[in-house]
Structure formats: C-alpha cells, structure tokens
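Each step along the sequence shown adds one to the number in numbering that gives the first Met the number 0, with nothing skipped, and position 525 is 524.
This report refers to the structure that appears directly beneath it.
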Amino acid sequence: MGLNQINIKKVIPYFYIGFGLFIFFLIVGHFTPIRVGDGSEYYALFYAWDTMFRPWMTSSAYEAYGNLFSSHEIVSLVPRDTLEKTFPALIMGNTADFNHFWLYSFLAFICAKFISLIGIKLSVHGAFLMLHFTLVFMMISISYRYYRWKGVFIVFLMTFVSPILWFTDKVHTELYTYCLALSGIIFLYVKKYLPSALVFAIASAQNPSFALIAFIPFCYRVILQRKDKYKLAEVILFSTTIFFVLLHPVYYFLRFGVVTPQLLAGGASLGGNLSTFYIWILDPDLGIIPNWPLGILSIVLATLIIFRKKIRESIHLDWKIILFIICYLVVNFYAHSSTTNINSGATPGLARYALWYLPLAFPILLFISNNINLHKKSLFIITSIVIITFVFTFKKNDPRKGEDYSTPSKISFLIQKKLPWLYNPPIEVFQERYSGYSEYIHGKSYLGIIGPDCRKLLVSPTNNGKTVIFPRNCHFDQDKINTIVQLLSKETPYGKYVNLSEDDIRNAKITILPKKYNSGTLGDGDFILGNGWGQRESWGVWSEGNIATIYIPCQDKQFFSKSKKLTLSLTVQSFSTQNIKFSANRNILWQGDILGSPTNISFPISLDMCKNDELNIIIDISNPVSPKELGLSEDTRKLGIGLISFEIKTDN
Numbered sequence: 000m001g002l003n004q005i006n007i008k009k010v011i012p013y014f015y016i017g018f019g020l021f022i023f024f025l026i027v028g029h030f031t032p033i034r035v036g037d038g039s040e041y042y043a044l045f046y047a048w049d050t051m052f053r054p055w056m057t058s059s060a061y062e063a064y065g066n067l068f069s070s071h072e073i074v075s076l077v078p079r080d081t082l083e084k085t086f087p088a089l090i091m092g093n094t095a096d097f098n099h100f101w102l103y104s105f106l107a108f109i110c111a112k113f114i115s116l117i118g119i120k121l122s123v124h125g126a127f128l129m130l131h132f133t134l135v136f137m138m139i140s141i142s143y144r145y146y147r148w149k150g151v152f153i154v155f156l157m158t159f160v161s162p163i164l165w166f167t168d169k170v171h172t173e174l175y176t177y178c179l180a181l182s183g184i185i186f187l188y189v190k191k192y193l194p195s196a197l198v199f200a201i202a203s204a205q206n207p208s209f210a211l212i213a214f215i216p217f218c219y220r221v222i223l224q225r226k227d228k229y230k231l232a233e234v235i236l237f238s239t240t241i242f243f244v245l246l247h248p249v250y251y252f253l254r255f256g257v258v259t260p261q262l263l264a265g266g267a268s269l270g271g272n273l274s275t276f277y278i279w280i281l282d283p284d285l286g287i288i289p290n291w292p293l294g295i296l297s298i299v300l301a302t303l304i305i306f307r308k309k310i311r312e313s314i315h316l317d318w319k320i321i322l323f324i325i326c327y328l329v330v331n332f333y334a335h336s337s338t339t340n341i342n343s344g345a346t347p348g349l350a351r352y353a354l355w356y357l358p359l360a361f362p363i364l365l366f367i368s369n370n371i372n373l374h375k376k377s378l379f380i381i382t383s384i385v386i387i388t389f390v391f392t393f394k395k396n397d398p399r400k401g402e403d404y405s406t407p408s409k410i411s412f413l414i415q416k417k418l419p420w421l422y423n424p425p426i427e428v429f430q431e432r433y434s435g436y437s438e439y440i441h442g443k444s445y446l447g448i449i450g451p452d453c454r455k456l457l458v459s460p461t462n463n464g465k466t467v468i469f470p471r472n473c474h475f476d477q478d479k480i481n482t483i484v485q486l487l488s489k490e491t492p493y494g495k496y497v498n499l500s501e502d503d504i505r506n507a508k509i510t511i512l513p514k515k516y517n518s519g520t521l522g523d524g525d526f527i528l529g530n531g532w533g534q535r536e537s538w539g540v541w542s543e544g545n546i547a548t549i550y551i552p553c554q555d556k557q558f559f560s561k562s563k564k565l566t567l568s569l570t571v572q573s574f575s576t577q578n579i580k581f582s583a584n585r586n587i588l589w590q591g592d593i594l595g596s597p598t599n600i601s602f603p604i605s606l607d608m609c610k611n612d613e614l615n616i617i618i619d620i621s622n623p624v625s626p627k628e629l630g631l632s633e634d635t636r637k638l639g640i641g642l643i644s645f646e647i648k649t650d651n
C-alpha cells in the first residue's frame, strides 16, 4: 500500500464529515435569514472589517449596514439610526463600538475573503454560515481524531438533537461558544492541554469568563506535564493562548479605559443574581436539562448503568476532569449571575447561557457509549429513542422558527398549572412568561400576576398598579380580583409569591350578565377565551392554528344555572373561507362554512355538559392560513376565525 493510499484513507472520513455538513448548511442557507438578539451588531461589525478593515464602526460601515437594512435581505434588522444610538457610552469621535466584541464578525469576514479566492462571493449572512460550517467541522473532526465514529455520533447528537440546532443559521455567538467549549473539553479528555486552553481562550474573546476556564488546562500543561519539553508548536500555542485571552480586555482598555464594555455601557451587575445560580441548569423555562430531552434520557441511562455493580467497581474518577468541571461550573455560575437580563431573547425558549453547560454532557455520553452493550434489540431501542427525540427536538428547535422567550415551556406550564408549590420561578421569568406582555411588562403598572393554576399570585415587585393580570380561563371579575389582591398586597412583601384562598377564588369569579360582550381590547368578553387565541385587537381576536377553545363559567350563581340549556350567539368572521365545527363532550353543536365577512351564528348547549363549573367548547378550523401565505403582509400567524362578540341567552 503506497503512501498516497494511506493518506487518502485517513482523509476520507473528514471528507464525509465535511460533505454531510456542507449539505446541511446548504439547506439552512436557503431559510429566510432572521435577525435575533444582538445579530444586527455582528452584521454591522462585519461591514466594519469589510469596508475599512477596522474593528470599530465608521460612517462607511454604518452606510453599508444601512444598505443591508434597506434591502430587506434579513428579517427584523435593527434600523441604522437605532443601532447608532444603542451604546452612546461607546461612541468615540466618528467611530463607535458595541457591547459585544468583534472577533466573531472578523472570523466571518475571513471566511468570506477566503472563499472569494475561488470566485464565490458570499452575502453577509452567507459569510456567517460559512463560519458556522467551519466551527462545526472543526469540532466534529477533533472528536473523530480521538474517538473515531463513536465521537462523531456523540457530537452529532449533542449538536443536532439539542437546542443548538436552532442556532445553526442564527448570527449570534451561541454556536461559536458551544463549538469552542466542546472542542476544549475533548482536548482536555485526551490530555491535549494547550490546544484545550487555546480554544477556550478564543471563546473568551467574545465571553471574557472563559479566560479563567482557559487558565485551568493551561496550568495542567505547565504543572502536570512540566517534565515534557516544549516543542515549537507548543510554544506557538502557548503564545496564541495568551494573545486571545488578552485580546478583549486590552482592546477595550486601550479604547475606553475599561476591560469590558459592560462596565461602561451597562448590562452587568457582578454576582447580582448568584442566589439563583441553578436556573441555567434546572429552571423549567431557562435551564438546559428540562429543555433537552436527550439530555434527560442520557442522565437517566447513565444513572442506570452506574447502578450495575461491575460498572460501578470499574469506574475511575480522574481528579483533573472533576476539578475542571467544578471550576467550569463555578466560573460560569458567577458570570451568568452577573447578567441584568435573565430572561433574554435570541433563543427558541431556554436561556442562551444555559447552552454553555451543554458541552459538559460529553463525558456523560462518552461514559454511556463505553459501557453499553449493543446487540440487535438494544440497538433497535436506542435508534428508535434517538429518532423520536430528534423529531421532538426538531419540532421545538426548527431553525426556521423565530425566537420565543415570552411564553412558558410545556414543562414549566405543567408545573405551574398542576404543581405550583413545587417551584417558584425567578420574578423576572414569571413576569415575562406568565403575564402575556413579555419584556414589556416592566413598563406596565400592575398589582400582581396570577399563574395558570388561578391560585398562585406574584405580588408586583414595584407595587405601582391597581390591576391584576390573570389567565382568561380563571374567569375572574376584574374589579373583584383587584380588590382581593389589594388587601393581600398590604400583608405580603413586594415581589413575593402568595396563594389565593378558596374563598378568594370563589368570591372573585365573574358573574355573567344577559348582555352582548365584545371580545376586543375595549370590551369585557375576554373571559370566554381559552386556548388557541392570539392577542386581542380593537375589533376582536383571531384564532391561531387548527384548534381553539372557549370556556363558559357555569357555576350555580350564573343567571342561566337553573335552566336546562342555554343559547350561545356569536358574531364571527373568518380569515379566508373556513369550515368551522363547534363541539362539546364530543357532541357537535354547530358546523358550517364561514365565508369571510362577519356572520352571526347561534346554537343551544345543554347544561348537562357543564363539568367542574365550566363548559368547554372546542372549535375545529379547517384551513387556517397566514397573511404571508396570501401575499397580504409578512404576518406568519395561521389565522382561522375572528371572534367579534358573543351573548348567552336562555329561554327565560
């Protein structure tokens, strides 16, 4: 076998890896680019390098960014004027910096220039996708180098069957940080300490806390391998590591006299949220474990394997790895507790910082792969579980979806609905995810927020309002619940949780009147709305999706409670022609076509269908469609019917 044959044999696996990733990024490259979070800053800094080859913003860079904004090539970009005024403390003469470092954008710029050598001109978004391809290829190749196809499979699962999938086409530093951190951990496992230190140092340019983490493998090489002579390559790695560790603080110190821009422009309060350090791992909304099904399965499987006696006796704990993991957790817990915005955007649901802990799953998956016996039956089970988990993960983290940080996760909602005593979320999270107002809740005056169990109450931390926010299906009378909570708030510290009593709940229930209720923002008919409805508008409210529900309180005190049946009269309109079916307890109440314009429909409902003081009516909608699909606007909501008003009547 010749030398060329040997070299080709070694290279072919990397070709397969690169080809697979090329196909993947070719596919996501056809998705409509969406700006999330700080993406506008990174696009703009790309132009800083592309126009003037400078790390700071100039008039030329802003002009190029303005042209990008005007082209509508990327959805939801921040307007140029707004971007220029975002960080006034970081403006210096005719130049400006942002709260986020420029290395990520510089690397994308280098990728664009490199690929241009073969005659391919990438768009600004394409340049970042090229960088993402390079980072993922590097990470998987490192895993293959030391763990062969087993390592490739582990990293594949961690990357494409996790929330990281959503970030593969997003111009944000989460994928950058994840790839470098996971590469660093793999290097650490095989005792390649200086390469490990280097990739952590590169990560520190965007996230300074990684400089402390880079110091750990750096010390391992200096102390534990002190008898090994330094080769030229190691001297270069040594110097490059120091360079990248110092790059961020030295740049900002020379420009502004501070080691990181957050100390000047805001955005950080050192250790301000240290008491809730656990949220990045365990919180049902923010944490990595509750939002990563494969991670939960891996922990369960690893625990079961450990309980096998033979495995337990053969486990060897490496103190160097344990020390590193402890330091990694401590450093990141402190760094993340310093953020002033716990429930931040640019995410499919969980906190972006939670993804920093994802690389720590590599040891768990490696342990499982080394200790599991694969035979035909177990291979089938594992493959089935992986496929099911992938489908579930993709549904939640489809890169084509926009960001979602204003609604609770399914597991969070389940806990607050059924087991609210089990966990009290951080105040900011509960405010933004359970109020219906997202981050805009902080500019709203309110008395308290009631959770989905209709009992758990968060008393306003500012105590500057007179209105209680509560879910529609609680069926509270606004004036009654306001009075009750006003009394409770006098006895409860601001920003604390308290439970409504049974009497409070009973006394707060709405009493329906025999009149027409309007469903719009100026009306008082929102109590009937269940699941599947969007935000109320002035005229009424649209359903979103194929299913919507309405709830009618039917406890004894209602005016129709003595009757055997009631008549529900609705004024509705449809978005495009829709076939609508109203049903309760699997009994069809009304079915027919609605042709678009406002339509009056009425149908009787037997009060025998009242269960737990509530009539639950399900609305099936044949063909919800978005305004974007019809070419009317960029609105992507799947609209079905609009509820304008309703009235409840009896024969009496």
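Glycine included, each C-beta is placed from N, C-alpha and C at the ideal position.
Those residues which DSSP pairs with residue i across a bridge
i    : result
K610 : E613
K496 : The sequence as given places Tyr at residue 496; Lys does not occur at that position. In DSSP, Y496 forms a bridge with L457.
Q577 : I593
K648 : T566
I587 : S582
W541 : G641
K515 : E646
F33  : Position check: residue 33 holds Ile in this sequence, whereas Phe was assumed. DSSP, once it has assigned bridges, lists V74 as partnering I33.
Q224 : Answer is none; Q224 lacks a bridge partner.
T547 : Correcting the residue identity first, residue 547 is Ala in this sequence and not Thr. Bridge partners of A547: I618.
P603 : T566
M91  : T94
Simplified DSSP assignment, three categories, for residue i
i    : result
P626 : coil
S411 : helix
Q477 : helix
D452 : coil
N331 : helix
I618 : strand
E40  : helix
P552 : strand
M0   : Because M0 carries a pLDDT of 49, less than 50, the predicted location of this residue cannot be relied on, and the following value inherits that uncertainty. Coil.
V10  : helix
E83  : helix
V467 : strand
Y188 : helix
V484 : helix
W532 : strand
T598 : strand
Y15  : helix
V160 : coil
K394 : helix
T382 : helix
7 angstroms Cβ shell around residue i - same chain, five flanking residues per side excluded
i    : result
Y251 : V257, V258, T259, P260
W211 : The sequence given here places Leu at residue 211; Trp does not occur at that position. Excluding positions up to five away in sequence, the list reads V330.
A360 : M157, G294, S297
M0   : With a pLDDT of 49 at M0, under the threshold of 50, the predicted position of this residue should be treated as unreliable, though the coordinate-derived value follows. Answer for M0: no residue qualifies.
6 angstroms CB neighbourhood of residue i in its chain, flanking five on each side removed
i    : result
L569 : I600, F645
I410 : P283, P289
R220 : Y192, L193
S161 : W291
L642 : S518, G539, V540, V571
V428 : D284, N342
L128 : F24, G28
Spatial neighbours of residue i in its chain, beta-carbon cut-off 8 angstroms, leaving aside the 5 residues before and after
i    : result
R636 : G533, W541, E543, S625, P626
K659 : Given a span of 0 to 651 for the chain in the structure shown, any question on residue 659 remains unanswerable.
F379 : none
Q554 : K508, S560, D612
P623 : S542, E543, G544, N545, F574, Q577, K637, L638, G639
Neighbour flag for residue i against chain D, beta carbons, 8 angstroms
i   : result
L67 : Absent from the structure: chain D. Only one protein chain is present.
Distance cut-off 7 angstroms: residue i Cβ against heavy atoms of the ligand NAD
i    : result
K455 : This structure lacks the ligand NAD; in fact it carries no ligand of any kind.
Q) Taking contact to mean at least 3 C-beta pairs separated by less than 8 angstroms, is the segment 34-44 in contact with the segment 161-171? A) yes
Q.
I'd like to know if the segment 102-116 and the segment 41-49 are in contact, where contact means that at least 3 CB-CB pairs between them fall below 8 angstroms.
A. yes
Q) Counting Cβ pairs, one atom from each stretch, are 3 or more of them under 8 angstroms apart for the segment 184-196 and the segment 218-226? A) yes
(Q) My parser needs the alpha helix (DSSP H) runs of 4 or more residues fully inside the segment 229-268; what are they? (A) Listed in chain order, the complete alpha helix (DSSP H) runs (minimum 4 residues) inside the segment 229-268 are 231-255, 261-264.
Q | Meets three-Cβ-pair contact criterion under 8 angstroms: the segment 607-614 and the segment 511-526 | A | Counting Cβ pairs under 8 angstroms, fewer than three are found: no touch.
Q. With a cut-off of 8 angstroms, do at least 3 Cβ pairs link the segment 90-108 to the segment 150-161?
A. Verdict: no, contact absent.
Q) Just checking, does the segment 377-392 make contact with the segment 193-207 on the three C-beta pairs under 8 angstroms criterion? A) no
(Q) Check whether the segment 368-378 and the segment 400-410 touch, using three or more Cβ-Cβ pairs below 8 angstroms as the test. (A) no
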